[in-house]
Amino acid sequence: MTWTAAIWVTCTMPIWGVALVFGWQYAICPHLIPARRIEALADLMLAAHGEDAEHEAFEKEVDAWYRSDLRAQGAWRRIRRSLRRRGRPAASAHATSITGSAPHMARRASR
């Protein structure tokens with residue numbers, strides 16, 4: 005290994021370290037949560053919030069982002085995707101078609 009390569013590797017190690025930590029906390033750790041638990045949390049969200057469950061999950065994901073809690077953000081993203089896979093109620097289909105696919109945009113447009 006030449007000195008140039010050794011210096012280059014040493015200088016870029018912090019960047020790679022940050023990227024690995026971010027990837028681990030945001031992408032890998034949330035997938036370590038069992039799918040049954042994600043589905044159970046999605047069921048609880050539907051029971052508590054009805055058709056606004058996906059929006060509430062989005063708000064919790066944003067709150068986790070503001071707190072810089074990457075693991076919680078990834079977990080709420082999985083819950084939100086689980087709710088989206090289940091389909092939207094017919095009542096929110098019109099608002100979604102007007103404002104796009106994001107549930108928070110439909111709620112803001114109705115204000």
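Taking the working numbering, the leading residue of the sequence shown gets 5, the next gets one more, and so forth.
Heads up, the beta-carbon is just placed ideally off N, CA and C, and yes, glycines get one too.
All values reported here derive from a predicted model rather than from experimental measurement.
Residue 67 sits in a helix when the DSSP states are folded into three classes. Around the beta carbon of residue 72, fewer than 16 other beta carbons sit within 10 angstroms, so the residue counts as exposed. Residue state for residue 91 is assigned as coil, using DSSP reduced to three classes. The straight-line gap separating the alpha-carbon atoms of residue 58 and residue 28 is approximately 25 Å.
Taking 8 Å as the cut-off, the Cβ atoms of residue 31 and residue 78 count as close.
Each of 8, 68, 46 and 74 was checked against the Cα of residue 86, and the nearest Cα belongs to 46.
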